[in-house]
Every structure is written in structure tokens, then in C-alpha cells.
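Have a look at the structure below before the remarks.
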Amino acid sequence: MAYDIYLGERISQILKSRNILFTEKKMMGALIFMVNEKMCIGIHINKKYGDSLIMAKIGAKAYEVEIKKEVCLPMDFSGRPSLNFIYITPDGFDMDNDLEYWVDKALDFNLNDK
């Protein structure tokens with residue numbers, strides 16, 4: 380298993396507390412939370428980084444702002460960063476209110492993305 384089960388449970392509880400219908404999908408060693416049948420937020424242990432990272436689909440506009448934060452990294456699987464997705468390092472989701480911020484940021488984009 381290449382993701383933190385406890386972190387997955389924390390995200391699941393936040394989604395449930397917001398009455399969000401979601402499904403969990405395990406893929407490529409990650410745990411992905413799907414909302415409206417689209418990836419919203421996910422977690423995995425990044426071998427290059429050496430720890431758990433959150434992958435959040437926040438959209439290009441939010442990416443431009445959030446990527447400047449010390450706790451954020453560009454998400455790139457192909458050698459080129461995705462401008463809709465961002466990685467968040469553990470310092471950015473250690474506290475519950477920080478994790479809620481990222482879940483809400485991903486939900487905002489997911490629920491308003493056409």
C-alpha cells in the first residue's frame with residue numbers, strides 16, 4: 380500500500396461532514412476520492428519526495444496562487460507540471476483546518492467545473 384490510511388480516513392471524514400457523495404478508488408498506489416465521477420483529491424507516498432503528498436485538483440487559477448506557498452509542489456507525472464493539479468506536502472495538511480482548506484479548495488473546483 381503506497382498511501383497513508385489514516386490520512387485517507389481524515390479526508391473521508393471531511394467529505395462526509397460536508398454531505399458530499401464520493402467514491403474511493405485505488406489506483407497506481409494512490410487513493411483517489413472521486414466526486415461527480417471526477418478526481419477531486421487523492422493521496423500517495425511519493426518516492427521522489429519521500430513522504431505522503433496530497434494531490435488536489437484545484438484548477439489553473441487557484442494553482443497560480445497556491446503554487447507560491449512553501450507547502451505546495453507542482454504535480455508532474457510526465458515531466459511537465461499539470462496546471463490543474465497541485466501537490467501539498469505534510470506541513471500543509473498536518474493540522475485539521477489545513478487539511479480542510481485543501482479538501483474545500485478541491486471541492487470548489489470540482490463542484491463548479493463544467
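So for the sequence shown, the numbering used here puts the first residue at 380; every next one is plus one.
Every residue, glycine too, gets a C-beta built ideally from N, C-alpha and C.
| Query | Result |
| --- | --- |
| Same chain, Cβ closer than 8 Å to Asn415, five either side skipped, listed in chain order | Asn489, Leu490 |
| Delimiting residues of the beta strand (DSSP E) encompassing Lys405 | 402-406 |
| Ile424 to Glu443 span [Cα, whole Å] | 24 Å |
| Where Asn398 sits in the DSSP three-state scheme | coil |
| Buried or exposed (CB count within 10 angstroms, at least 16 for buried), Glu445 | buried |
| Selection from Leu452, Leu400, Asn398 that minimises the alpha carbon distance to Ile437 | Leu452 |
| Top-ranked residue by Cα proximity to Lys404, from Leu486, Ile422, Ile465 | Ile422 |
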